[in-house]
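These protein sequence lines map, in sequence, to chains D and R. For the first sequence, the residue numbers in the working numbering are 1027 to 1180. For the second sequence, the residue numbers in the working numbering are 409 to 719. Notes follow once the structure below has been shown.
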Amino acid sequence: MGLDKTLNFDLLQKCLGCGACYDLCPSSLHIEGYDPRAVIGDILQGEHEKWLEHKSIWQCLECHHCLEICYQHYGFENAMTAMRMLATKKGLNPPQVKRGWEMFAKTGRLGEPAMPARKKLNLPEPAASGKEEFVKLYEIYKKSKEAASEDKGA
Amino acid sequence: MFWGCTIPARFPFLEKSVRTVMDALELPYRDVDGFTCCPEKSLVNNVDHGMWTLTAARNVALADELDVNVVSPCTGCVSNLATVSSDLKSNVAKREEVNGYLKEIGKEFKGKNKLQHLVPFLHDDVGILKIKNALKKNFRGMRFAIHYGCHMMRPSHALRNDDPLDPKKFDNLVNNALGAESMQYMTKLTCCGQGLDRVDQHDTAMDMARVKLRELKSLKADAMVLCCPSCFLQFDNNQFLMERNGEKYNVPVFYITDLIGLGMGYSVEDLGLTSHRVDITPFMEKWHHMECKRDHKEELHDELSSMGTFF
């Protein structure tokens, strides 16, 4: 997949010469070796593959500080998100993300209400989960995506 | 009320605290049948952007159907719902595609009602004065470190509720409704870093928690006050893990409604505070010994107000 389809390379080129967000980005400030411009530089050179297995791309906390301070209103979170999506397509996402997704796809949520604790706290019954309708919607969506990719294939 | 996944699953005592305060302030709210995960960004959007969008749109459509505003005590939930909602409102083709799917389950995304986090809701819709007047004893003389929680106000184009780089509403609640001092500290707006715990980088998550805890320990903050279950996990549970290894910071962690509830006169048990991992006893002792005396500033304020001077 060409990343130039999902990312704006002109804007990213300006990121390389700017870096204003480094003073606000929590990961740039506090995680040793976290350097988004190194990743962006390689994306622009077409050499992004080497970062797909790197933990750096999962260290962007999506706090949106970079987006808010960016004079292009772009922010390098866009580059990191695109890289994570690409890594996930290749099955390189961390096991916890895989487990989280599986639970979400099956139940529509990431955890079941803690019933004994709720009872002890005298909390009301939780509202209906919406699981059934969610699963139905997911099936419809999956079928439609499969049909679209088959069309593309043919 | 959009509770999300984390609060009912891991921190039902936070739900208890929010409900207690909502009931005491006589704010009409309801639970909604059928809400699913918002959905969470890192675990869902990274895997399937389409399903991330569609799930959030379905949740908003449920609120549309009932014609209710949505308030959530979770910053992540509000941010995700608002991000998708704002995207769909500005991208007609995407909205039509999404509504094509939703039609098959009898739903339609309109996004016509307000989506708010609990803090801006308390600030804007309930009002400082109403909360202040509901307190039997305020927190005058206590120093609280607010942890804003990134997703309460960012991305600002979607949430539009406060300055994304210099927010004020949470500070106003702490200073003017609780009567405490909201401390200004260097890492105040820094992200908690809990996201790292969701992507198999626990050690780095702990390091990020230390950034803030170290500063607050050195500044002798009486407590950290926050407004998000994920940040709570990071600072209460992870601080507790450090304590077990002999690394002590002694920074008790409260959700905003815990403090409002205490001020109203609810007990530690009423508010579910006995489930907090980091010991809150020293905090409670200090507060119990604080005199309820009005200070000079407050007296001056009242005097000037009675003369018709507005602040």
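For each residue, glycine too, the CB sits at the ideal point set by N, CA and C. If you're wondering where the values come from, they're calculated on a predicted model, not measured in any experiment.
Report, in whole angstroms, the separation of the C-beta atoms of residue i and residue j, which I expect to be a contact under 8 Å.
{"i": "R/M616", "j": "D/P1052", "result": "7 Å"}
{"i": "R/A432", "j": "R/A542", "result": "7 Å"}
{"i": "R/T414", "j": "D/G1137", "result": "7 Å"}
{"i": "R/V633", "j": "R/F552", "result": "5 Å"}
{"i": "D/L1087", "j": "D/L1038", "result": "Not really, about 20 Å apart at Cβ, beyond 8 Å."}
{"i": "R/Q642", "j": "R/G601", "result": "6 Å"}
{"i": "D/N1163", "j": "R/R466", "result": "For the record, residue 1163 of chain D in the displayed sequence is Leu; it is not Asn. D/L1163 to R/R466, Cβ: 6 Å. Contact."}
{"i": "D/I1083", "j": "D/R1125", "result": "Not a contact, Cβ separation roughly 19 Å."}
{"i": "R/M560", "j": "R/T483", "result": "4 Å"}
{"i": "R/N658", "j": "R/K694", "result": "Contact doesn't hold; Cβ gap of about 12 Å is too wide."}
{"i": "D/H1074", "j": "D/L1042", "result": "Actually they are not in contact, since the Cβ atoms of D/H1074 and D/L1042 sit about 14 Å apart, beyond 8 Å."}
What separation, rounded to the nearest whole angstrom, lies between the Cα atoms of residue i and residue j?
{"i": "D/R1021", "j": "R/N583", "result": "Any answer about residue 1021 of chain D is impossible in this case: the structure gives chain D only from 1027 up to 1180."}
{"i": "R/R503", "j": "R/K497", "result": "7 Å"}
{"i": "D/E1165", "j": "R/K520", "result": "27 Å"}
{"i": "R/L621", "j": "D/F1035", "result": "39 Å"}
{"i": "D/V1123", "j": "R/S450", "result": "7 Å"}
{"i": "D/R1135", "j": "R/R562", "result": "23 Å"}
{"i": "D/K1132", "j": "D/E1103", "result": "28 Å"}
{"i": "R/E623", "j": "D/C1047", "result": "22 Å"}
{"i": "R/P481", "j": "D/Y1167", "result": "30 Å"}
{"i": "R/D611", "j": "R/E516", "result": "43 Å"}
{"i": "R/S714", "j": "R/K511", "result": "58 Å"}
{"i": "D/A1153", "j": "R/V440", "result": "6 Å"}
{"i": "D/Y1100", "j": "D/K1040", "result": "10 Å"}
{"i": "D/S1054", "j": "R/A629", "result": "26 Å"}
{"i": "R/I688", "j": "R/V676", "result": "10 Å"}
{"i": "R/V426", "j": "R/D666", "result": "8 Å"}
{"i": "R/M459", "j": "D/M1129", "result": "14 Å"}
{"i": "R/V476", "j": "R/A464", "result": "16 Å"}
{"i": "D/T1032", "j": "D/M1106", "result": "12 Å"}
{"i": "R/I536", "j": "R/D579", "result": "11 Å"}
{"i": "D/D1061", "j": "D/H1080", "result": "12 Å"}
{"i": "R/G508", "j": "R/D472", "result": "16 Å"}
{"i": "R/V686", "j": "R/D644", "result": "6 Å"}
{"i": "R/C635", "j": "R/R652", "result": "25 Å"}
{"i": "D/P1150", "j": "R/L470", "result": "21 Å"}
{"i": "R/P572", "j": "D/E1094", "result": "7 Å"}
Within 8 Å (strictly less), CB to CB, does residue i reach chain R?
{"i": "D/H1074", "result": "no"}
{"i": "D/A1143", "result": "yes"}
{"i": "D/L1087", "result": "yes"}
{"i": "D/A1140", "result": "yes"}
{"i": "D/L1038", "result": "no"}
{"i": "D/H1056", "result": "yes"}
{"i": "D/H1090", "result": "yes"}
{"i": "D/V1065", "result": "no"}
{"i": "D/A1046", "result": "no"}
{"i": "D/W1084", "result": "yes"}
{"i": "D/P1062", "result": "no"}
For residue i, count neighbouring Cβ atoms within 10 angstroms of its own Cβ and tell me buried if that reaches 16, exposed if not.
{"i": "D/P1139", "result": "buried"}
{"i": "R/G669", "result": "buried"}
{"i": "R/V661", "result": "buried"}
{"i": "D/P1121", "result": "exposed"}
{"i": "R/D605", "result": "buried"}
{"i": "D/Y1097", "result": "exposed"}
{"i": "R/E655", "result": "exposed"}
{"i": "D/A1173", "result": "exposed"}
{"i": "R/T461", "result": "buried"}
{"i": "D/Q1085", "result": "buried"}
{"i": "R/V646", "result": "The residue you asked about is not Val; residue 646 of chain R is Asn in the sequence shown. It counts as buried."}
{"i": "R/G557", "result": "buried"}
{"i": "R/S493", "result": "buried"}
{"i": "R/K577", "result": "buried"}
{"i": "R/T682", "result": "exposed"}
{"i": "R/V429", "result": "buried"}
{"i": "R/R568", "result": "exposed"}
Let me see if you follow: with CB-CB separation under 8 Å, is residue i close to chain D or not?
{"i": "R/I532", "result": "According to the sequence provided, residue 532 of chain R is Asp. The question's Ile does not apply to it. With 8 Å as the cut-off, R/D532 does not count as an interface residue toward chain D."}
{"i": "R/R568", "result": "no"}
{"i": "R/T665", "result": "no"}
{"i": "R/N454", "result": "yes"}
{"i": "R/V440", "result": "yes"}
{"i": "R/L398", "result": "Within the shown structure, residues of chain R are numbered from 409 to 719, placing residue 398 of chain R beyond reach of any answer."}
{"i": "R/E512", "result": "yes"}
{"i": "R/R503", "result": "no"}
{"i": "R/E448", "result": "yes"}
What does residue i touch in chain B if you count any residue whose Cβ is under 7 Å from its own?
{"i": "D/L1147", "result": "The chain labelled as chain B is not found among the protein chains of the depicted structure, namely D and R."}
Nearer than 7 Å: is that true of the beta carbon of residue i relative to any heavy atom of the ligand HEM?
{"i": "R/L470", "result": "Annotation note on the ligand HEM: not contained in the displayed structure, which lists no ligands."}
Review point. Of all the alpha helix (DSSP H) runs that stay within the bounds of the region 1059-1098 of chain D, which reach a length of 4 or more residues?
Key: 1062-1070 and 1091-1095
(message) List, from N- to C-terminal side, the alpha helix (DSSP H) runs of 4 residues or more that fit wholly inside the region 1122-1150 of chain D.
(response) 1141-1146
- Message: For a minimum of 3 consecutive residues, which ranges assigned as the beta strand (DSSP E) are wholly contained in the region 650-688 of chain R?
- Response: 661-663
Any chance you could list the beta strand (DSSP E) runs of at least 3 consecutive residues sitting entirely within the region 495-545 of chain R, in chain order? 523-525
Alpha helix (DSSP H) runs wholly inside the region 558-608 of chain R, at least 4 long, in chain order:
564-567 and 577-580
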